[in-house]
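Asks: First the structure, then my questions, so here it is.
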Amino acid sequence: MGWRVGNLGEVETSATSSGQQKGLEDYASKRGGVEKERFRLDICDEQSPCKCEGVRNYWKFPGKTSYFGKVNNHPFPPVTQDVLKNRSYSNRSAYIIFYAIIVCMAIVVATCCQFLIREQKKKSKHMQMLSGLRPWMYWITAFLWDVIWYIVSMAAFIGTFYAFDIEAYTKSFDTILVLLLAMSLYGWTAIPFTYWFSFAFTSAPKGFTMIVMYNIITGMTGSIAIPIIQRVVSNDAAYTWSVILSFAFPTYSISNVFTVVYNNEFGRQACAMLDCSIPLYNASEICCGQPEDRIYTDHILTDTGKLGIFYPIIFFAIEGFIYWFLVISHEYNFITRLIAFCKWNKKNRIGDSQYENWSTEPELYTGEDSDVLAEKVRVKEMQKDGAAVIVDDLKKWYGDFNAVKGVTFHVKQGGCFGLLGVNGAGKTSTFQMLTGENGISDGDAFVNGWSVKTHWREAGANIGYCPQFDAILEEMTGEETLYMFARIRGTPRKLIPEKVDAVIYTIGIGMYAKRQIKGYSGGNKRRLSLGIALIGLPPVLLLDEPTTGVDPKARRIIWNILARAQALGTSLVLTSHSMDECEALCTELAIMVNGRFKCYGSCQHIKSRYGAGFTLLIRLHRAEEAESTKAEVIKTFPGAILKEHHLLHLNYELPKRPGVSWSMLFNDLENLSRRHDFEDYSLSQTTLEQVFLEFSRDAAKTKNVGYSEIPQRNGFVNYQMTNGTPAQEQQSNNKLADEFLSKLGSSTIYNFFQLCDTLLKKKKTLLKTQYDFT
């Protein structure tokens, strides 16, 4: 600050003061300096010089005691514009905190999804539910664990505020309590929201990333949009949209709460410097006026206006119940059941052609095997608790595709039913329906009298399940896994160590029981999966390819374990690609092709009925004898069919002939061997594997499809399904891709998306016809 004084004449004196106003006293200091110089010029001259003493606001002239000066400053309260100008500094800090809260909260709540997604992907969660764990217990346990870590995060937030000395949050303990309440209710909302969101993902890293990005984007969008609405439209419109966004997006809501609390406390601290009891300050309505006129509120929790957080707090409480309802609805398939119920009502009401294939009657068509039909009749006449497992006309639809078409069978106590079929025949879909993993489209299944369709959790308590892929958590040890499933099955605490040790000894993993599962070999993992199914020895075991990837020795061990379980009265239902396994364990079996049973009965019955006769294997000494041997075999056994000829090996299929016994066949072969000096030969009944391969060839014929061109539509050449080879299928797929790329270069944006939609729909139709679902 400074001043300049000049004497321009006897009449007029000019004084100029310049400076920078940074405080309320600056103007008084400037005015004091000017007045001091004016007095000095008036009372002092060259004949009577004088000297001024004092400070800026008080001065005097020694020797001229009648002259002194004093400056007093009494400023008026700041006007609204000044307050808003000062609050702009507060808003900048508040927005920095706003963005930091969005990012931190997004990361904190997203961490709750990773383990859940892994359990869901591994099917470990379904295994726990099938073993008897109630959904409410599963989710409460998960929630309590996540709440513990969330409380730690809350403490870290509060500690950070104190570490950086953010007075707007830390000066009053009441403010800390408000923030703790807001964060607690946010956790009540955001954690179940994360649970519900996690159902959409099968990859834990992807799920975590997408949930974090969703929370950040929704939070940032509100923080950007609200100031724009405030400037362009009005404050009221901005507040209305802020309330709407707070209800829709929890992360925006919690960050908005922190911002409102920060600004409220900043305004309170600014106004605390004014003594409202002084009449002069009463003119300042923003600090000393009525509550509705102030820039802060004393009751921030209950204030329903712009300065309060009443609505966000209420929204948190309500949204928590909404998201928990969505989680439970997904768990119990409420929405899926409602959609299926509406479709079923529509079918019954209008008979829409879209649902005309959804038949509720057994498919007793004439092309079905008589043994399969007889089993359907037997099951229809049985009581629902008349066998350990009863499957009655089970069907599964995936959209318009019928994957399982009226499967019917039953398993008696201590029996073993084998389900054979090529990949895509519908075996796994059948198992998934029996275990409740997939819903039943039509028909029903009963386990110890419990309906899988309506009471699958009660039915699941009677089932031990060994899935096709190991549903185990690799961070746990084998012993810990068995202990967990023993507890879930309700085994008495005192008996758990004994039963777990017995299972470990039975499945032969004693050396590895205390090691983490991720260090197990594939065979040991299959043994552990079998041990999980055996723990508690449930009445029914469902085994989906239990010996896949297991070495021959371990396979024999598993067969022995299952045979012992059968002897104790446990019923088995298994799928397998091993014919030896089925012959060793199964009392009855069926071969499944394209969702239907093609045959049904015991192993011997199927071989006798569907076997083409006998299999003759001949090994010669010299290749030169092959042609003469062939002629002799055809002459000795009319109708013999040469299946294979590899150098010295001949493989014949001999037809059955009435009145021809085994002894007659061997006598003829012995005579033939003497004439041609065979190295060795064997004669056997047609094997189960040969019967299975014959059915597999029939299945392959129905899937040997290609595409032929038909007239253009929507700019694409359409391809119609025809009989062809796999090479033709690949060629047709390449045509689709090449044509799409050629169209892409000249497409507008609209046409581009239209072409994408057409291609995807067409490919979906092709895949439905080309592939089956398991």
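FYI, the numbering for the sequence shown is 1 to 774, going by the UniProt record's numbering. Note that beta-carbon positions come from the ideal geometry of N, C-alpha and C, so glycine has one too.
Between which two residues does the beta strand (DSSP E) holding tyrosine 681 run?
Replies: For tyrosine 681, the enclosing beta strand (DSSP E) starts and ends at 680-685.
Asks: In the DSSP output, which residue or residues are listed as bridge partners for threonine 547?
Replies: Beta bridge pairing from DSSP links threonine 547 with no other residue.
Asks: With DSSP as the reference, label aspartate 444 as helix, strand or coil.
Replies: Strand, per DSSP.
Asks: Would DSSP call alanine 403 helix, strand or coil?
Replies: strand
Asks: Aspartate 303 by DSSP, collapsed to three states: which one?
Replies: In this structure, aspartate 303 counts as coil in the three-state DSSP scheme.
Asks: Around the Cβ of leucine 338, are there at least 16 other Cβ atoms within 10 angstroms (buried) or fewer (exposed)?
Replies: exposed
Asks: If you follow the beta strand (DSSP E) that serine 598 is part of, which residue opens it and which one closes it?
Replies: Note that residue 598 corresponds to lysine in the displayed sequence, not to serine. Start and end: 596-601.
Asks: Considering only residues of the same chain and omitting the five flanking positions on each side of threonine 304, which have a CB-CB separation below 6 Å?
Replies: Phe310
Asks: Does the separation of the CB atoms of arginine 527 and isoleucine 558 fall below 9 Å?
Replies: In contact: arginine 527 and isoleucine 558 (Cβ atoms closer than 9 Å).
Asks: For glutamate 361, I'd like the list of residues in its chain whose CB is within less than 6 Å of its CB, leaving aside the five on either flank, ordered along the chain.
Replies: Low local confidence applies: a pLDDT of 47 at glutamate 361 is under 50, so the model's placement there is unreliable, with the coordinate-based value given in what follows. Taking C-beta separations shorter than 6 Å and ignoring five residues to either side along the sequence, glutamate 361 has no partners in its chain.
Asks: Enumerate in chain order the residues of its own chain whose CB-to-CB distance from phenylalanine 692 is below 8 Å, with the five nearest sequence positions on each side excluded.
Replies: Leu420, Met579 and Ile591
Asks: Could you tell me the distance, in whole angstroms, from the CA atom of glutamine 120 to the CA atom of histidine 455?
Replies: 21 Å
Asks: What would DSSP say about histidine 649, mapped onto helix, strand or coil?
Replies: Strand.
Asks: Which one or two residues does DSSP pair with alanine 590 in a beta bridge?
Replies: Leu419 and Tyr600
Asks: Once you ignore the five residues that flank phenylalanine 446 on each side, which residues in its own chain have a CB closer than 6 Å to its CB?
Replies: Same-chain partners within the cutoff: Lys384 and Ile390.
Asks: CB-CB under 7 Å to glycine 613, same chain, minus the five flanking residues each way: which ones, in chain order?
Replies: Glu653, Leu654, Pro655, Lys656 and Thr686
Asks: Can you tell me whether isoleucine 102 is buried or exposed, with buried defined as 16 or more other CB within 10 angstroms of its CB?
Replies: buried
Asks: Would you mind sorting tyrosine 332 into buried or exposed? The rule is 16 or more other CB atoms within 10 Å of its CB.
Replies: exposed
Asks: Which residues in the same chain have their Cβ closer than 8 Å to the Cβ of residue 775, if we skip the five residues on either side of it in sequence?
Replies: The first residue shown for the chain is 1 and the last is 774, placing residue 775 beyond what the model contains.
Asks: Whose CA, out of Ile507, Ser253 and Val633, lies closest to the CA of phenylalanine 666?
Replies: Val633
Asks: May I ask you to report which of helix, strand or coil DSSP gives residue 779?
Replies: Absent from the structure is residue 779, since the part of the chain shown begins at 1 and ends at 774.
Asks: So, do the segment 148-157 and the segment 235-244 have three or more beta carbon pairs nearer to each other than 8 Å?
Replies: no
Asks: Would you list the residues sitting across from cysteine 466 in a DSSP beta bridge?
Replies: Leu543
Asks: In angstroms with no decimal places, state the Cα-to-Cα distance between threonine 615 and leucine 683.
Replies: 6 Å
Asks: Going by C-alpha distance, which of Phe678, Gly132, Asn215 and Ser576 is nearest isoleucine 535?
Replies: Gly132
Asks: Identify whether asparagine 704 lies in helix, strand or coil by the three-state DSSP scheme.
Replies: Only weak support is given to the placement of asparagine 704: the predicted model assigns it a pLDDT of 48, under 50, and the value that follows is read from those uncertain coordinates. In the structure shown, asparagine 704 sits in coil (DSSP, three-state: anything other than H, G, I, E or B).
Asks: Between glutamate 437 and the rest of its own chain, which residues show a CB-CB distance below 6 Å, the 5 nearest in sequence each way excluded?
Replies: In chain order, His126 place their CB closer than 6 Å to the CB of glutamate 437, counting only its own chain and leaving out the 5 sequence neighbours on each side.
Asks: Taking only three categories from DSSP, how would you classify lysine 643?
Replies: Three-state result, lysine 643: strand.
Asks: From the DSSP secondary-structure annotation, give me the bridge partner or partners of tyrosine 398.
Replies: Phe401
Asks: Does the segment 483-499 come close enough to the segment 540-550 to have 3 or more Cβ pairs within less than 8 Å?
Replies: No contact exists between the segment 483-499 and the segment 540-550.
Asks: With a threshold of 9 Å between beta-carbons, can alanine 459 be considered close to chain B, or not?
Replies: Structure shown: chain B not included; a single protein chain is present.
Asks: Checking the sheet assignment: what are the DSSP bridge partners for valine 573?
Replies: Phe417 and Leu542
Asks: Would you check if the segment 289-296 and the segment 265-277 touch, i.e. whether three or more CB-CB distances between them fall below 8 Å?
Replies: yes
Asks: Is it right to say glutamine 128 is buried, meaning 16 or more other beta carbons lie within 10 angstroms of its own, or is it exposed?
Replies: buried
Asks: Return the CA-CA distance between glycine 443 and isoleucine 504, expressed in angstroms with no decimal places.
Replies: 38 Å
Asks: In the structure shown, what three-state DSSP assignment does glutamine 383 receive?
Replies: coil
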